[in-house]
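Q:
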Amino acid sequence: MLSPNVIANLMLESLLLLFAFIAFIIAWQIVLKWDKSATTPLQYSLEKRSYLVATIVEFIFWLKLPLFFYFIYTLDVLSNVLPGAMCAAGVTTATAYGIWLFVVKILNLYLFGLWIVLNRIDRSRPDTPWTKQKFLLFLLIFPLFALEVGLEYLHFSGINPHVIVSCCGTLFSAVAHTPVAMAIRLPAALQLSLFYGTFFLVVVAAWKRWSLLTAALNALFLPVAVLSLIAFFSTYIYELPHHHCPFCLLQRDYHYIGYILYAALFLGTFFGIASYVAKRLGYEAWKRWLNWSLIGDTLYLVLVSYYPISFYIKNGVWL
7 MLSPNVIANL
17 MLESLLLLFA
27 FIAFIIAWQI
37 VLKWDKSATT
47 PLQYSLEKRS
57 YLVATIVEFI
67 FWLKLPLFFY
77 FIYTLDVLSN
87 VLPGAMCAAG
97 VTTATAYGIW
107 LFVVKILNLY
117 LFGLWIVLNR
127 IDRSRPDTPW
137 TKQKFLLFLL
147 IFPLFALEVG
157 LEYLHFSGIN
167 PHVIVSCCGT
177 LFSAVAHTPV
187 AMAIRLPAAL
197 QLSLFYGTFF
207 LVVVAAWKRW
217 SLLTAALNAL
227 FLPVAVLSLI
237 AFFSTYIYEL
247 PHHHCPFCLL
257 QRDYHYIGYI
267 LYAALFLGTF
277 FGIASYVAKR
287 LGYEAWKRWL
297 NWSLIGDTLY
307 LVLVSYYPIS
317 FYIKNGVWL
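According to this note's numbering, the stretch in the sequence shown is residues 7 to 325, in order.
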């Protein structure tokens, strides 16, 4: 808790939560009292406040994006002082809250991003027809954001620097009793078939402009891509057959390639999901977003595919 990086994380998250709480109170008033057909002073006041809330939420999202990577960096820094930890993996699992904190953080990034999409679409129309709906969505997002900040406090305060934690070699091994270990034990041919097969379906659905199917497949592609990275592709990045850690990819020894991989995967899957929302609301940019989704997903696929192909060309064998 006394680490400067931890203090910075908690202070920034707490400040954002305070802004979000202010936005939550105003959003609640808008959901209850919004009447676009009214010309009352109350309606005029709510319209002005709606712009304030939109500005606050966009500010939170655009700050949460770099803050998420700073959070991962903080975990890496703490791994240098926790006995047994070799990277952020050991710090994440140092308490019972770490894994759930990661899940909620990623979920909130997608939800805040979708809120930004809905807000942009709403403000592109002169009658702002989706104002009430977007603030209702924020009312649902706020408790998850509060949960995220609460979990972050519990996680960092629960870390005992005198207790040995598990290293990534133990956590991401074929003998562990976790879903990730089950994925690692799958035959490489099956892992690759699931990964490339899902990507192929994403491309077909996007090419056919089936927005709902594209969104669903991108939501599926996200966990498939992460699991295949852990189970198969990471070993070629490390050039070690038993090193499966998804966190070590973020370190300098591997040229910080993990940041590029995860950013490409996030952008690809996010725009694939957002394109469906845009199409449902009649926003013409949805076709362009489908293309952005394909660019992100394809970039991720090309990058992870480069490592095993390059390894085979240089060594003439597979790991």
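We treat Cβ as the ideally placed atom computed from N, Cα and C, and that holds for glycine.
1) Around the C-beta of Asp-133, are 16 or more other C-beta atoms found within 10 angstroms, so that it is buried, or is it exposed?
2) Measuring CA to CA, which of Ala-33, Cys-93, Ile-66 and Phe-144 is closest to Ile-78?
3) Tell me the start and end of each unbroken alpha helix (DSSP H) in the region 134 to 198 that is at least 4 residues and wholly inside, in chain order.
4) Which of the three DSSP states is assigned to Trp-324 in this structure?
5) Measure the C-alpha to C-alpha separation of Lys-293 and Leu-246 and round it to an integer number of angstroms.
6) Which of helix, strand or coil does DSSP assign to Tyr-202?
7) What residue range is occupied by the uninterrupted alpha helix (DSSP H) comprising Lys-39?
8) Please report the residue range of the alpha helix (DSSP H) in which Ser-43 lies.
9) Indicate the three-state DSSP secondary structure (helix, strand or coil) for Ser-316 in the structure shown.
10) Spatial neighbours of Ala-91 within its chain, please: C-beta separation below 7 Å, excluding the five flanking residues on both sides.
11) Whose C-alpha, out of Leu-207, Asp-82, Phe-118 and Cys-254, is nearest the C-alpha of Glu-64?
12) Measure the beta-carbon distance from Leu-177 to Val-110 and round it to whole angstroms, keeping in mind my assumption that it falls under 8 Å.
13) Are at least three pairs of beta-carbons, each pair with one atom in the region 161 to 169 and one in the region 224 to 242, less than 8 Å apart?
14) For Ala-60, which residues in the same chain have their Cβ closer than 6 Å to its Cβ, ignoring the five residues on either side in sequence?
15) Pro-229 lies in the alpha helix (DSSP H); which residues open and close that run?
16) Where does Phe-239 sit, in a helix, a strand or coil, going by DSSP?
17) In terms of residues, what are the limits of the alpha helix (DSSP H) holding Thr-98?
18) Taking just the CA atoms, how far does Ile-147 sit from Ser-299?
19) Please state whether DSSP places Thr-101 in a helix, a strand or coil.
20) Mapping the DSSP letters down to three states, classify Gln-49 as helix, strand or coil.
21) Check whether the region 276 to 288 touches the region 304 to 321, taking contact to mean three or more Cβ pairs, one atom from each stretch, closer than 8 Å.
22) With C-beta atoms as the reference, is Ala-187 less than 8 Å away from Ser-179?
23) Near Pro-314, which residues of its chain fall below 6 Å by C-beta distance, leaving aside the five closest residues on each side in sequence?
24) When you compare the CB positions of Glu-16 and Glu-158, do they come within less than 8 Å of one another, or not?
A: Taking the definition as stated:
1) exposed
2) Cys-93
3) 137 to 164, 174 to 177 and 185 to 191
4) Of the three classes helix, strand and coil, the one that applies to Trp-324 here is coil, per DSSP.
5) 41 Å
6) helix
7) 10 to 39
8) Per DSSP, Ser-43 belongs to no alpha helix (DSSP H) and is neither H nor E.
9) helix
10) Ser-85, Val-97, Val-171 and Cys-173
11) Phe-118
12) About 20 Å separates the two Cβ atoms, so there is no contact after all.
13) Short answer: they don't touch.
14) Asn-125
15) Per DSSP, the continuous alpha helix (DSSP H) segment holding Pro-229 begins and ends at 217 to 234.
16) helix
17) 94 to 98
18) Straight across, the Cα-Cα distance linking Ser-299 with Ile-147 is about 24 Å.
19) coil
20) Here Gln-49 sits in helix by DSSP.
21) No: the two stretches stay apart, fewer than three of their Cβ pairs being nearer than 8 Å.
22) yes
23) Within its own chain, the residues whose Cβ lies closer than 6 Å to the Cβ of Pro-314, once the five positions on either side in sequence are excluded, are Tyr-242, listed in chain order.
24) It is Leu, not Glu, that sits at residue 16 in the sequence shown. Yes, the Cβ-Cβ distance between Leu-16 and Glu-158 is below 8 Å.
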